[in-house]
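Chains as they are written, first to last, in this note's numbering: chain P, 1 to 194; chain H, 195 to 722.
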């Protein structure tokens, strides 16, 4: 069998490199396994909202009568409009995520940011669970979008349209039905308010 | 082992001196060892063989004209099922085949698939060509397959299986054409050529028909996708002693029946007698008496629709000089769109039942209900096919329907959700409508029909909610349009959603409202 000297040296070097990497990976794995796993991180992800308790109006979706139920609650709201919008929507989602909700949403559904523009357009950036974990159906999807739109419009001045993004990106539908490609008009949701 | 030197490699047969001007495409240097060069050659040859192996497949895959399907005709309805090829055998889903016939259920337990149809039980084992139905062993002639939670049986074994599962339902299976006739259903026809100033072929059917009509040089083809058309016994081809129309041939393939007319001139089709009669007339004779608008509307129409309008009588061309009695270009057509399909399953009704399946079941049932009331109906999808919202809108608008109905199903909520577009109503400002807001011109009519439907469903004790929503493709439909989302019945849960009685109740209510609304909905091709 004819084997060149260079080939043999190359194979030897590669073998040594593979063995070395293998030992290094094994060492890393062993080190990682010795780190104690923290059961749960109880620290808040974001600092608590600072602001005076403020009465806000929520339009809570209700599957049973295919409408939005107006509720008044008091929550701490910051001064900036965008942050206020986010906190208000978080309060709205919390209503839906509570046990026994008539319009249950995924427990991990959340709002990343709310952006407001001068033209009356509010851009709501929801997280992936908001869409991925949403139940599929024309009515249930429509109720969710309508409740967000009505709630924002009721509490933030000049909001007339809401554009929904999921993790900062455009999405065709919420969960297979409600069209998210265009901004959602406030007037389109009004008929659902009971 | 021994070491070799560079000079030794150069002495090899592959290392001949390169002539001046020769270009080498070898990836290896000229002084590479012969063994490496040989390996490279072998690798290259292997890749070439792989490439040659796959390349012939590409055009085949691209040129497949249509998906194989099995069409089942029953006394209530007709439906098509996808057929798949596995190891040279054609298979179809047994559950899907029986679903429209009656209550059926099936579940896998490891390698065994158990199904129940009425009081009949069957047990199939994946990979086994034997199965048991009601304790009787049935030879499938090919292995039973389980794919994606579906039980697939070979088409070849359907007669043996159906004899056990449906002993009270006589059937006739045209296996080469993949057409299954249950309960002795069948539609016959008779044809005659009427001679006069111009030859006319009059075909009379035993029930209303709605074929897809296409023309090509020397031929006019009528494809019957839903009708259980059978040949005019005993011959498949009727020959005529006419200078224009020479024959009418029956053929069947891939779940469809087809009548082909051999002709020397272009023909036009006219429907009469509530769609039971088709009269084929030479185009020249008709255009001699037709107004330009009317003749264009007729000649450009790929599929003429049956109409119950008494005025829709074929012209008596033996008396062309008389005042024209051309059929007005109108017809009442409902386009039924089973939502989702193919790669888009829609929502999940259960772990194993996708929304697209329930949508199609409801669409077929509704189509049957409408046709029972003499209303022409066109199913946008009658199989598990993928259709983008834009395609649905384009197909629906091309059919110029009187009403568009999109059918959805959901496991969330109860009753029926009647949905209209959330566009503001606006009159049509011009002959051409903007694509994105085409529905605005029809939304008032759509909501009026939605109101009627809500009232009718409530009469049937079905909880009903009427909403407007942004839902594709409603806004792009240039006709009155509704989306109907069927949710769970008041009792019965998910099982009740797919029950025949609930389907029947909802479909019947919809068909009743559509039938009552005929007078105020626009008739196709006229807009009146």
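Every residue, glycine too, gets a C-beta built ideally from N, C-alpha and C.
query                                                                                                                                                                                          : result
With a threshold of 16 other CB atoms inside 10 Å of the CB of residue 2 of chain P, please say whether the residue is buried or exposed.                                                      : exposed
Looking at chain H, is there any beta carbon in it that lies within less than 8 Å of the beta carbon of residue 136 of chain P?                                                                : yes
Going by Cα to Cα distance, which pick from H:696, H:705, H:638 and H:675 is closest to residue 682 of chain H?                                                                                : H:696
Is the beta carbon of residue 63 of chain P closer than 8 Å to that of residue 195 of chain P?                                                                                                 : Outside the shown range of chain P, which is 1 to 194, sits residue 195 of chain P, and nothing can be said about it.
Tell me the rounded alpha-carbon separation between residue 394 of chain H and residue 699 of chain H.                                                                                         : 44 Å
Of all the beta strand (DSSP E) runs that stay within the bounds of the stretch 355 to 381 of chain H, which reach a length of 3 or more residues?                                             : 365 to 368 and 373 to 376
Are the CB atoms of residue 671 of chain H and residue 610 of chain H within a distance shorter than 8 Å?                                                                                      : no
Leaving aside the five residues before and after residue 543 of chain H along the sequence, list all residues of the same chain whose C-beta is less than 7 Å from its C-beta, in chain order. : 549, 552, 603, 605, 688 and 691
Just verifying my parser: in three-state terms, what is the DSSP assignment at residue 424 of chain H?                                                                                         : coil
In terms of residue numbering, what span does the beta strand (DSSP E) encompassing residue 693 of chain H cover?                                                                              : Premise fails: residue 693 of chain H is in no beta strand (DSSP E) and is neither H nor E.
To which residues of the same chain is residue 447 of chain H closer than 7 Å at the C-beta, ignoring the five residues directly before and after it?                                          : 371
Name the residue from P:97, P:82 and P:52 whose alpha carbon lies nearest to the alpha carbon of residue 75 of chain P.                                                                        : P:52
Tell me whether residue 373 of chain H is buried or exposed, calling it buried when 16 or more other Cβ atoms sit within 10 Å of its Cβ.                                                       : buried
Quick one: complete beta strand (DSSP E) runs, 3+ long, within the stretch 531 to 599 of chain H?                                                                                              : 570 to 573
Could you name the residues that DSSP lists as bridge partners for residue 659 of chain H?                                                                                                     : H:611
Output, in sequence order along the chain, the residues in the stretch 590 to 610 of chain H whose CB is closer than 7 Å to any CB in chain A.                                                 : This model lacks chain A altogether, as its protein chains are P and H.
Across the stretch 317 to 334 of chain H and the stretch 374 to 381 of chain H, are there enough close Cβ pairs to call them in contact, namely three or more that are closer than 8 Å?        : no
Could you tell me whether the Cβ atoms of residue 440 of chain H and residue 456 of chain H are closer together than 8 Å?                                                                      : yes
Can you tell me whether residue 731 of chain H is helix, strand or coil according to DSSP?                                                                                                     : As shown, chain H starts at 195 and ends at 722. That puts residue 731 of chain H outside it, with no answer to give.
Quick one: Cα of residue 403 of chain H to Cα of residue 409 of chain H, how far?                                                                                                              : 18 Å
Indicate whether residue 294 of chain H and residue 574 of chain H have their beta-carbon atoms separated by less than 8 Å.                                                                    : no
Would you kindly work out how many angstroms separate the C-alpha atoms of residue 326 of chain H and residue 452 of chain H, rounded to a whole number?                                       : 37 Å
Check whether the Cβ atoms of residue 572 of chain H and residue 601 of chain H lie closer than 8 Å to each other.                                                                             : no
For residue 272 of chain H, collect the residues of the same chain with a Cβ closer than 6 Å to its Cβ; drop the 5 residues on either side in sequence, then sort them by chain order.         : 420
Compare the beta carbon distance of residue 166 of chain P and residue 130 of chain P with 8 Å and say whether it is the shorter of the two.                                                   : yes
Reducing DSSP to helix, strand and coil, say where residue 301 of chain H ends up.                                                                                                             : strand
Hey, how far is the Cα of residue 592 of chain H from the Cα of residue 599 of chain H?                                                                                                        : 15 Å
Tell me which same chain residues have a C-beta within less than 6 Å of the C-beta of residue 341 of chain H, skipping the five on either side of it?                                          : none
When we look at the beta-carbon of residue 562 of chain H and count the other beta-carbons within 10 Å, is it buried (16 or more) or exposed?                                                  : buried
List the residues that DSSP assigns as beta-bridge partners of residue 602 of chain H.                                                                                                         : H:679
Which value, in whole angstroms, describes the spacing of the CA atoms of residue 82 of chain P and residue 160 of chain P?                                                                    : 15 Å
Counting only Cβ pairs nearer than 7 Å, list the residues of chain P close to residue 587 of chain H.                                                                                          : Ordered by position in chain P, no residue passes the 7 Å Cβ test against residue 587 of chain H, which lies about 13 Å from the chain.
Could you give the DSSP three-state label for residue 270 of chain H: helix, strand or coil?                                                                                                   : coil
Taking any Cβ of chain H, which residues in the stretch 139 to 153 of chain P have a Cβ under 7 Å from it, in chain order?                                                                     : 139, 140 and 142
If we define contact as Cβ-Cβ less than 8 Å, is residue 27 of chain P a contact residue for chain H?                                                                                           : no
So residue 155 of chain P is in the alpha helix (DSSP H); what residue range does that whole segment cover?                                                                                    : 138 to 155
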